[in-house]
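Chemist: Residue numbers (the working numbering): -6 to 106.
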C-alpha cells in the first residue's frame, strides 16, 4: 500500500470467495464508521468493454452493498482501538466470460462517529 492506495490481485477469477488475505486496519480513539463505494457498482469490468463479473464484498464480517455508497458501522466501544477487519471478496458467476484482466476501483473511508 502506498499513498492510501492498494492494488489487490484477486488471481484467476473463480466463483466463490477469492483467496486474498486482506485486512483493513483502523487505529482510533473512539467509534467510527466505514463508507465503501465501487466505481462499477460491484462489477469487475474487462477494460472498457461491456463484459462484467459480479462480486460482493464484506468488511469485518459485514456485507457491503456495492451498488451505491454504503456505510458500515465499526465496532462499538470507546478508548484506544487497533482493529484489523478482514476484507473478503465473493466472486459471482464467471462462466461464459471473456478472458482478460477485470478490475474495479473500490473507495473506503473511515470517519469518527
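Don't be surprised by glycine CBs; every beta carbon is placed ideally from N, CA and C. Computed from a predicted structure; not experimentally measured.
(1) Nearest-angstrom Cα distance between residue 103 and residue 83?
(2) Do you know offhand how far residue 16's Cα is from residue 78's?
(3) Helix, strand or coil for residue 20? Go by DSSP, reduced to three states.
(4) Would the beta-carbon of residue 6 fall within 8 Å of that of residue 13?
(5) Can at least three beta-carbon pairs, one atom from the segment 20 to 27 and one from the segment 43 to 51, be found at a separation below 8 Å?
(6) Considering only C-alpha positions, which residue in the set 69, 93, 105 is nearest to residue 38?
(7) If you count every other CB in all the chains shown that lies within 10 Å of the CB of residue 0, and 16 or more means buried, which is it?
(8) Is the distance from the Cβ of residue 74 to the Cβ of residue 20 below 8 Å?
(9) Suppose contacts are defined by Cβ-Cβ distances below 8 Å. Is residue 35 in contact with residue 59 by that definition?
Modeler: Reading off the structure:
(1) Near 22 Å, if we compare the C-alpha coordinates of residue 83 and residue 103.
(2) Cα-Cα distance, rounded: 5 Å.
(3) Note: residue 20 maps to strand in three-state DSSP.
(4) Contact flag unset, no.
(5) The segment 20 to 27 is not in contact with the segment 43 to 51.
(6) Its Cα nearest to that of residue 38, the residue 93 stands out among 69, 93, 105.
(7) It counts as exposed.
(8) In this structure, residue 74 lies near residue 20, with their beta-carbon atoms less than 8 Å apart.
(9) By the CB criterion at 8 Å, residue 35 and residue 59 fall inside the cutoff.
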